[in-house]
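Residue numbers (our numbering): 21 to 437.
Even glycine gets a Cβ: it sits at the ideal position worked out from N, Cα and C.
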Amino acid sequence: MLGEKLSFLWRDIFWWWAKIFLGPPLRFFFHIQSEGKRRFPPRGQPAFLLANHTNTVDPFMIADSINRPVRYVVTDEYFRYKISRTLLGWVKGIPKTKNIPDSVTMRILLRAVKRGEIIGVFPEGKRNWDGETLPLGDTIPRLIKKLKIPAICVRQRGSYLAWPRWSNWPRRGRVIFDFSYLFENPEEVPEDEREIKRRIEEKLSYSELEDAEVTKHIFTSPTVAEHLELRLWLCPHCLRFFTLKSEKRNLFCTSCGARWRFIGNGTFQLNKVGEPLAVGARNFKRYIDWTRWNDAQTMPMLADRKKQGKGPLVSLPAMMWSVPTETGRDRDFELKGDGIATLTPDFRMVFVRSKDGKVLFDTPLTQMKGPGITWNHKFEFFGEDMAYRFTFFGQSAYFWHFLTQELDKSKSKGDLR
21 MLGEKLSFLW RDIFWWWAKI FLGPPLRFFF HIQSEGKRRF PPRGQPAFLL
71 ANHTNTVDPF MIADSINRPV RYVVTDEYFR YKISRTLLGW VKGIPKTKNI
121 PDSVTMRILL RAVKRGEIIG VFPEGKRNWD GETLPLGDTI PRLIKKLKIP
171 AICVRQRGSY LAWPRWSNWP RRGRVIFDFS YLFENPEEVP EDEREIKRRI
221 EEKLSYSELE DAEVTKHIFT SPTVAEHLEL RLWLCPHCLR FFTLKSEKRN
271 LFCTSCGARW RFIGNGTFQL NKVGEPLAVG ARNFKRYIDW TRWNDAQTMP
321 MLADRKKQGK GPLVSLPAMM WSVPTETGRD RDFELKGDGI ATLTPDFRMV
371 FVRSKDGKVL FDTPLTQMKG PGITWNHKFE FFGEDMAYRF TFFGQSAYFW
421 HFLTQELDKS KSKGDLR
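(1) Quick one: is SER227 buried, meaning 16 or more other Cβ sit within 10 Å of its Cβ, or exposed?
(2) Using C-beta distances below 8 Å, list every residue in its chain close to LEU129, excluding the 5 sequence neighbours before and after it, in chain order.
(3) Which term fits GLU267, buried or exposed, when burial requires 16 or more other beta carbons within 10 angstroms of its beta carbon?
(4) Within this structure, are the beta carbons of LYS116 and THR95 separated by less than 8 Å?
(5) List the endpoints of the continuous beta strand (DSSP E) containing TRP310.
(6) Determine the contact status of ALA338 and THR411, defining contact as a CB-CB distance below 8 Å.
(7) Compare the C-alpha of GLU144 against each of ALA132, THR159, ASN291 and name the closest.
(8) May I ask which residues mark the beginning and end of the beta strand (DSSP E) holding ALA171?
(9) With DSSP as the reference, identify every bridge partner of GLN289, one or two as the case may be.
(10) Roughly how many angstroms separate the alpha carbons of PRO45 and PHE80, rounded to a whole number?
(11) Just confirm the distance between the C-beta atoms of LYS168 and LYS146, as a whole number of angstroms; I'd bet it's less than 8 Å.
(12) Using the C-alpha atoms, what's the distance from ARG251 back to LYS217?
(13) Does MET388 come out as helix, strand or coil in the three-state DSSP assignment?
(14) Would you kindly work out how many angstroms separate the C-alpha atoms of GLY284 and ARG59, rounded to a whole number?
(15) Kindly identify the DSSP beta-bridge partner or partners of TYR201.
(16) So, does the CB of GLY178 fall closer than 8 Å to a CB anywhere in chain B?
(17) Which of the three DSSP states, helix, strand or coil, is assigned to VAL124?
(18) With PHE99 as the anchor, note down where its alpha helix (DSSP H) starts and where it stops.
(19) Expressed to the nearest angstrom, what Euclidean distance is found between the alpha-carbon atoms of ASP309 and ALA316?
(20) Anyone know if the C-beta pair for LEU181 and PHE239 falls short of 8 Å?
(21) Does the count of Cβ pairs from the stretch 259-274 and the stretch 199-218 closer than 8 Å reach three?
(22) Please report the Cβ distance between LEU380 and ARG373, rounded to the nearest whole angstrom; I am assuming they are in contact, meaning their Cβ atoms lie under 8 Å.
(23) Could you round the C-beta distance between ILE220 and LEU202 to whole angstroms and report it? I think they count as a contact, below 8 Å.
(24) By DSSP's criteria, ASP352 is part of a beta bridge. Which residues make up the other side?
(25) Tell me whether the beta-carbon of ARG269 lies closer than 8 Å to the beta-carbon of VAL234.
(26) Restricting to Cα atoms, I'd like to know which of ALA83, ARG47, PRO89 is closest to PRO13.
(27) Could you check whether LEU229 and ARG306 sit closer than 8 Å to each other, using their CB atoms as the reference points?
(28) In the DSSP assignment, find the alpha helix (DSSP H) that holds GLY64 and state where it starts and stops.
(29) Would you give the residue range spanned by the beta strand (DSSP E) that ALA55 belongs to?
(30) Would you kindly report the start and end of the unbroken beta strand (DSSP E) that includes PHE410?
(31) Which first and last residues belong to the beta strand (DSSP E) in which VAL234 is found?
(32) Going by DSSP in three states, VAL182 sits in which element: helix, strand or coil?
(33) Tell me which residue opens and which closes the alpha helix (DSSP H) that ILE220 is part of.
(34) Relative to the C-alpha of LYS134, which residue among ALA67, PRO184, ASN72, TYR408 is closest?
(35) Rounded to whole angstroms, what is the Cα-Cα separation between HIS73 and VAL195?
(36) Under 8 Å, do LEU427 and PHE353 count as touching if we go by C-beta distance?
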């Protein structure tokens, strides 16, 4: 009991130390501005803090704007590394396994509520790739209904452009936090979970690249375009997969020679038209329009390649890791080798090791459980009592996650071929 009290005392000391010494640099670099009602319940009374998730450091930026320590629910990926595990232990982070039910997380969270903590949760479950709020799950509405504690929402504006998911480095601009109460008093909490979810969506739904107040600012960096190919895998001029490359402020196609300059407010400037232009070629000024086209065209273009008898549909160099797992948490991955990951016409992922030509993995994408992306270039998922990781360097790991989502949508509609 004494040890627990001392550990939380150390948490409070560390939290205030971080607020004093890290808060000012964050506010200066990102030009952070907080608006709305930020009055939290007094110490000892629990509450949920809900926010859209767009930025690597947004938990720290948000925490700097309030006057009580926050216990964030954090992906367990960060608990696998000594330094981040130590820091998260100091701030009492709550580990959560991505994309699968996690009873351990729920028990820790309920104990935190009993202690009267502020629980920081990103209802999307992961950082979004395009500055648009992702569909929300049902877990948080269910908890709010059950626990009937205050809930505060913060809508982040500008934090996506300040550090896009696909980028390794932040850029300066302006970040605005809009605070508002979802429910200030327990009696305000509806009994209908769907109504709670609707109100959360109303507070947090947002598309940053369509916010003129934000995009009028230029979020600048010498490497503002680098790693765009982690999100964009289709060239709109030659309609080829995985031919885009980035360098500093530019994005170009290695196949047709098309070249764009990326502006820090989410827009492109065309510097060179690709040759030859494919039938149906497009050009996009806005990043968000390119990503929507990219996603809308992917499945039809793969289906067309399948009709033409092209196989495999996609081939990318990768490294494979795997480990037996019973709980989903025990994932000390072992490297199996480097090789080629291919997408077959029947939407299976096949991995062939380079050194001996051995097929190490061959599974339908529809059978992958809890797929997700960690550190931008790692595609992770679960099989039967196994956890897998495929690392893609210089090309999109998110492409594979996107395919699992699209196939899942088709399966739910009953039109999966």
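With the given structure in hand:
(1) SER227 is classed as exposed because its beta carbon has fewer than 16 other beta carbons within 10 Å across all chains shown.
(2) Within the same chain, LEU129 has close Cβ partners VAL93, ILE114, ILE139, LEU163.
(3) GLU267 comes out exposed.
(4) Pairing LYS116 with THR95 gives a Cβ-Cβ distance under 8 Å.
(5) Unbroken run through TRP310 is the alpha helix (DSSP H), 307-327; no beta strand (DSSP E).
(6) Contact: yes.
(7) Nearest C-alpha to GLU144: THR159.
(8) Boundaries of the beta strand (DSSP E) around ALA171: 171-177.
(9) GLN289 has ARG281 as its beta-bridge partners, per DSSP.
(10) Taking the straight line from one Cα to the other gives about 11 Å.
(11) At roughly 27 Å, the Cβ-Cβ gap does not stay under 8 Å, so LYS168 and LYS146 are not in contact.
(12) Distance from the CA of LYS217 to the CA of ARG251, rounded to the nearest whole angstrom, comes to 29 Å.
(13) Per DSSP, reduced to three states, the secondary structure at MET388 is coil, with no helix or strand assignment.
(14) GLY284 and ARG59 have their alpha carbons spaced roughly 34 Å apart.
(15) Its beta-bridge partners are ILE172.
(16) Although the question refers to chain B, the structure presented lacks it and comprises just one protein chain.
(17) The answer is helix: DSSP assigns VAL124 an H, G or I state.
(18) That residue, PHE99, is in no alpha helix (DSSP H); it is neither H nor E in DSSP.
(19) Here the alpha carbon of ASP309 sits roughly 11 Å from the alpha carbon of ALA316.
(20) A distance below 8 Å separates the beta carbons of LEU181 and PHE239.
(21) No: fewer than three Cβ pairs fall under 8 Å.
(22) Contact holds; Cβ gap of about 5 Å.
(23) Rounded to the nearest angstrom, the Cβ distance from ILE220 to LEU202 is 6 Å, consistent with a contact under 8 Å.
(24) DSSP output for ASP352 lists no bridge partner at all.
(25) No; because the gap between Cβ atoms is not below 8 Å, this pair is not in contact.
(26) Limits of the chain in this structure are 21 at one end and 437 at the other, which puts residue 13 out of reach.
(27) Contact: yes.
(28) Boundaries for GLY64: no alpha helix (DSSP H) harbours it, and the DSSP string shows neither H nor E there.
(29) The identity of residue 55 in the sequence shown is Glu, whereas the question assumes Ala. Counted as a single uninterrupted DSSP element, the beta strand (DSSP E) harbouring GLU55 occupies residues 52-56.
(30) PHE410 -> beta strand (DSSP E) spans 406-411.
(31) VAL234 -> not in any beta strand (DSSP E); alpha helix (DSSP H) instead, spanning 232-235.
(32) Rather than Val, the amino acid found at residue 182 in this sequence is Ala. In the structure shown, ALA182 falls within a helical segment according to DSSP collapsed to helix, strand and coil.
(33) DSSP places ILE220 in the uninterrupted alpha helix (DSSP H) bounded by 213-224.
(34) Nearest option by C-alpha distance: ALA67.
(35) Take the alpha-carbon of HIS73 and the one of VAL195: they are about 13 Å apart.
(36) Contact flag unset, no.
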